[in-house]
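>
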Amino acid sequence: MPAPSLRHSSIDSAALGPEEAAEAVSDLVAAIGYHGQRYHAEDAPEIADADYDTLYRRLQAIEARFPELIREDSPTARVGAAPAAGFGKVRHAIPMLSLGNAFARQDVQGFLDSVRNFLAELRADPAQAVEVLAELKIDGLSCSLRYEHGLLVQAATRGDGQEGEDVTANVRTIDNVPHKLTGDAPDVLEVRGEVYMTDADFLALNARQQEAGGKLFANPRNAAAGSLRQLDPAITRARPLRFFGYAWGEVSRPLGKTQAEARAALAGFGFTLNEPSRICRSIDEMIGFYDEIGNARATLGFSIDGIVYKINRLDLQQRLGFVSRAPRWAIAHKFPPEQARTRLNAITLQVGRTGALTPVAELMPINVGGVMVGRATLHNEDYIAEKDIRVGDTVVVQRAGDVIPQIVQIVPELRDGDPPKWQPPTECPICHSAAVREPGEAKRFCTGGLICEAQAVERLRHFVARDAFDIEGLGAKTVTEFQEAGLIRTPADIFRLKREDIEGREGWKDLSISKLLKSIEDRRTIPLDRFILALGIRQTGQTTARLMAKHYRTLEHWQAAMIAAGDPESDAYKELLNIDGIGADTAKDMTDFFAEKNNLDALADLEAQLTVEPFVPPAGRDGGALDGRIVVFTGTLVQLSRGEAKARAEGAGAKVTGSVSAKTDYLVVGADAGSKAAKAEALGVKTITEDEFIALVAG
Ligand code: IVH
Numbered sequence: 000m001p002a003p004s005l006r007h008s009s010i011d012s013a014a015l016g017p018e019e020a021a022e023a024v025s026d027l028v029a030a031i032g033y034h035g036q037r038y039h040a041e042d043a044p045e046i047a048d049a050d051y052d053t054l055y056r057r058l059q060a061i062e063a064r065f066p067e068l069i070r071e072d073s074p075t076a077r078v079g080a081a082p083a084a085g086f087g088k089v090r091h092a093i094p095m096l097s098l099g100n101a102f103a104r105q106d107v108q109g110f111l112d113s114v115r116n117f118l119a120e121l122r123a124d125p126a127q128a129v130e131v132l133a134e135l136k137i138d139g140l141s142c143s144l145r146y147e148h149g150l151l152v153q154a155a156t157r158g159d160g161q162e163g164e165d166v167t168a169n170v171r172t173i174d175n176v177p178h179k180l181t182g183d184a185p186d187v188l189e190v191r192g193e194v195y196m197t198d199a200d201f202l203a204l205n206a207r208q209q210e211a212g213g214k215l216f217a218n219p220r221n222a223a224a225g226s227l228r229q230l231d232p233a234i235t236r237a238r239p240l241r242f243f244g245y246a247w248g249e250v251s252r253p254l255g256k257t258q259a260e261a262r263a264a265l266a267g268f269g270f271t272l273n274e275p276s277r278i279c280r281s282i283d284e285m286i287g288f289y290d291e292i293g294n295a296r297a298t299l300g301f302s303i304d305g306i307v308y309k310i311n312r313l314d315l316q317q318r319l320g321f322v323s324r325a326p327r328w329a330i331a332h333k334f335p336p337e338q339a340r341t342r343l344n345a346i347t348l349q350v351g352r353t354g355a356l357t358p359v360a361e362l363m364p365i366n367v368g369g370v371m372v373g374r375a376t377l378h379n380e381d382y383i384a385e386k387d388i389r390v391g392d393t394v395v396v397q398r399a400g401d402v403i404p405q406i407v408q409i410v411p412e413l414r415d416g417d418p419p420k421w422q423p424p425t426e427c428p429i430c431h432s433a434a435v436r437e438p439g440e441a442k443r444f445c446t447g448g449l450i451c452e453a454q455a456v457e458r459l460r461h462f463v464a465r466d467a468f469d470i471e472g473l474g475a476k477t478v479t480e481f482q483e484a485g486l487i488r489t490p491a492d493i494f495r496l497k498r499e500d501i502e503g504r505e506g507w508k509d510l511s512i513s514k515l516l517k518s519i520e521d522r523r524t525i526p527l528d529r530f531i532l533a534l535g536i537r538q539t540g541q542t543t544a545r546l547m548a549k550h551y552r553t554l555e556h557w558q559a560a561m562i563a564a565g566d567p568e569s570d571a572y573k574e575l576l577n578i579d580g581i582g583a584d585t586a587k588d589m590t591d592f593f594a595e596k597n598n599l600d601a602l603a604d605l606e607a608q609l610t611v612e613p614f615v616p617p618a619g620r621d622g623g624a625l626d627g628r629i630v631v632f633t634g635t636l637v638q639l640s641r642g643e644a645k646a647r648a649e650g651a652g653a654k655v656t657g658s659v660s661a662k663t664d665y666l667v668v669g670a671d672a673g674s675k676a677a678k679a680e681a682l683g684v685k686t687i688t689e690d691e692f693i694a695l696v697a698g
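All residue numbers in the sequence shown are consecutive under numbering that gives the first Met the number 0, ending with 698.
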């Protein structure tokens, strides 16, 4: 099939009449579809990327002038098709957090126990019930809507929890989001909740997409996310999104004394709530609600993936506070994952950026709870051996939320004969270096390190990922292209790119090169936590990177501490393990990284190109009453549990340690204090009572 011809292509988009525009749109959609197919599916592009972009932008321009011409199958409406740049960034005044998960009754009990333990008065009085509000956990994407003097002024996605994208124009197109609040709303009100699509709207949207030959969405959540993150609000308007409010961020005046009162207030301002909800006074009542909703799940008309339990009293929520990225006062009780059976066609290997080889199940594609699944992780060779998984078997596939699909078990009675057992690889499928399994490791690793293409590409992709360096115009695709062309081999090479290197490459023009070089330049200064994340240290995700940055503050300090911590007898090692959220495994990955000379060389090379900014605590937390102070507790506290006391001290900026030294600023002395009080006196460390401590952290 030849490339479709383009009518009216010589007329400027601003000069097109309605009929010409309709014909131009129809031709452009066909042409972009054709060239997209040649490029993505057939790997045989006929036109330069820049020319493709020109078609795309012309279509966008015409659609902007004639929104009624936007078709459901428009390539501009597809997820991933929209340019990554385009949305402004919004810093959340109060971070948008996630929730811890419970899967079984005992996890829910664990949650209640930890709440009781944290709140000394509840621990002292087991008979005193604590009210919990149980509500639906909607499977959409969270959004924060800011109202000032009753008017919607800004809407932002959650993003990484600290910073999201400005989707105000798109949120304004959602029917049940009030533009103006009713009732007596606070002057400043940030309402948080979930943007979602109902099952019926999702099915209808996919039917339209299918008819038009467009892309199908895997589930209502993806459809909602793809529809909200459209650069053109006219497209969002054409997608039936809805919003449920269930939480809040900044408020100029409290919404009530309890979660239930706050919900009622939100309803009064004009928001739709995720109902039903129920106040529970025991674990049996909570599980009762969970079971009831679980049974009625298919009849709700929208997707939920569990129940959220929230401590009802807001003063208790306040005291319970947060650990890492989740509140202590709430937990998500997830529904069991969805499962289906299919045939295992083959087992292939994937090489990760650290060189880990992961066996992957290639499946006969199957619909699991609304999502087509064609591949699933098999984790490692022990997993395959343990479950006796063999090619040709019928297997049970499961998925839960965003988790990568898994093979739960095989169906033995459907096995055909006695197929051979799977043999673990002896070499890397990419670079053919030896694949070895170290004692104590579950996985095999490619030993090809720096020479293995898979690792180089993966390392670079990780380096430029959104939560790491996030260089505009240098996404996974470009980084791969540059790596394959030999322009960049290590992360530091990115900062050595020159105009001449890129000039003459297909799809690059003067302007796009200048833009790229500028965004690389802009990233020569980078916050410490992003830098740490970008290094790709094994198992070091965003949470660990933040913990490191928060604790060690500067690159120099962190690096010196990690090198010193290589000695397990050292104080540096003990300090590392003492950080809340860092276990022995993470500590080992961290010190292993610094023990490798290649890594130190690569780090030095990179640091010569960059300015790494010291960690700055998020707004509102600095300047705490105990900022930078070291606090030790001893003896029995009466009003606060140890957990709450520690959390309050840390909330006020202090570091809590276990033993008194000359560096200690305050020793908080409870009843029956032992030797620590004497030691503090000998060292001249200030001792204070529990009451004094409470007053101090209250500021
Ligand atoms: S409360 C500080 N309530 O679940 C806690 N979240 O897995 C704020 N979610 O990021 C969240 N339904 O996007 C809360 N009824 C509900 C929810 C809910 C869905 C989402 C939310 C959150 C995620 C955590």
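Idealized CB from N, CA, C, for every residue including glycine.
Fair warning: this is a prediction, and the values are worked out from it, not measured in the lab.
Give me the Cβ distance between A339 and E361, rounded to the nearest whole Å; I'm assuming they're in contact under 8 Å.
That belief does not hold up - the Cβ atoms of A339 and E361 are roughly 16 Å apart, past 8 Å.
> Is the beta carbon of A92 closer than 8 Å to that of E249?
Yes.
> If you follow the alpha helix (DSSP H) that M589 is in, where does it begin and where does it stop?
M589 -> alpha helix (DSSP H) spans A583 to A594.
> For G158, I'd like the list of residues in its chain whose CB is within less than 7 Å of its CB, leaving aside the five on either flank, ordered along the chain.
So the qualifying residues of the chain are E164.
> Please state whether the Cβ-Cβ distance between L377 and I406 is less than 8 Å.
For L377 and I406, yes; Cβs fall inside 8 Å.
> Could you name the residues that DSSP lists as bridge partners for F444?
Its beta-bridge partners are A355 and V435.
> I'd like to know whether the C-beta atoms of A264 and G255 end up nearer to each other than 8 Å.
Closer than 8 Å, so yes.
> Taking C-alpha atoms, which residue in I306, V322 and T357 lies nearest to P335?
Ranking the options by Cα distance to P335, first place goes to I306.
> How would you call H34, buried or exposed, if buried means at least 16 neighbouring beta carbons within 10 angstroms?
Per the 10 Å Cβ criterion, buried.
> Please say whether F242 and V176 have beta carbons closer to each other than 8 Å?
Yes; because the gap between Cβ atoms is below 8 Å, this pair is in contact.
> If I follow the unbroken alpha helix (DSSP H) through G293, where does it start and stop?
G293 -> alpha helix (DSSP H) spans I282 to A295.
> Pick out whichever of F692, N577, V668 and I330 has its Cα sitting closest to the Cα of A103.
Of the listed residues, the one whose Cα sits closest to A103 is I330.
> Closer than 7 Å by C-beta to G32: which residues in its own chain qualify, once you throw out the five before and the five after it? Chain order, please.
The residues are P74.
> Between L98 and the ligand IVH, is the CB less than 7 Å from at least one heavy atom?
For the ligand IVH, at least one heavy atom lies less than 7 Å from the Cβ of L98.
> Using 8 Å as the Cβ pair cut-off and three pairs as the minimum, do the stretch 578-588 and the stretch 533-552 touch?
Yes, the stretch 578-588 is in contact with the stretch 533-552.
> Which residue spans inside the stretch 144-208 form an unbroken beta strand (DSSP E) run of at least 3?
Complete beta strand (DSSP E) runs here, min 3: 150-156, 162-164 and 187-195.
> Can you tell me the Cβ-Cβ gap for L605 and E689, rounded? I've got them flagged as a contact below 8 Å.
Their Cβ separation, rounded to whole angstroms, is 48 Å, which puts L605 and E689 out of contact at 8 Å.
> Using only the alpha-carbon positions, how far apart do G87 and G416 sit?
Whole-angstrom Cα-Cα distance: 59 Å.
> Judging by CA-CA distance, which residue of I531, A199 and Y51 is the nearest neighbour of H461?
For the residues I531, A199 and Y51, the minimum Cα distance to H461 belongs to I531.
> I want to know whether the stretch 294-302 touches the stretch 198-212 - three or more CB-CB distances under 8 Å.
As far as the Cβ criterion goes, the stretch 294-302 touches the stretch 198-212, which means the pair count is three or higher.
> Just to confirm my understanding: we take V170, look at its own chain, exclude 5 residues before and 5 after, and list those with CB closer than 8 Å. What are they?
Here the set comprises C142, L144, L151, A154, V176, V194, L227 and F242.
> How many Å lie between V129 and L180 at the Cα?
Those two C-alpha atoms are separated by around 32 Å.
> Compute every distance between the C-beta of L666 and the non-hydrogen atoms of the ligand IVH, then say whether any falls below 7 Å.
No.
> Going by other Cβ atoms of all chains shown within 10 Å of its Cβ, with 16 needed for buried, is Q105 buried or exposed?
Classification for Q105: exposed.
> Can you give me the start and stop residues for the beta strand (DSSP E) that F632 sits inside?
I629 to T633 is the extent of the beta strand (DSSP E) around F632.
> Secondary structure at A464, three-state DSSP: helix, strand or coil?
DSSP places A464 in coil when its eight states are reduced to three.
> Alpha carbon to alpha carbon, how far is D26 from G16? Give it in angstroms, no decimals.
Cα to Cα, G16 sits roughly 15 Å from D26.
> Could you please give me the residues that DSSP links to H332 through a beta bridge?
A101 and I306, per the DSSP bridge assignment.
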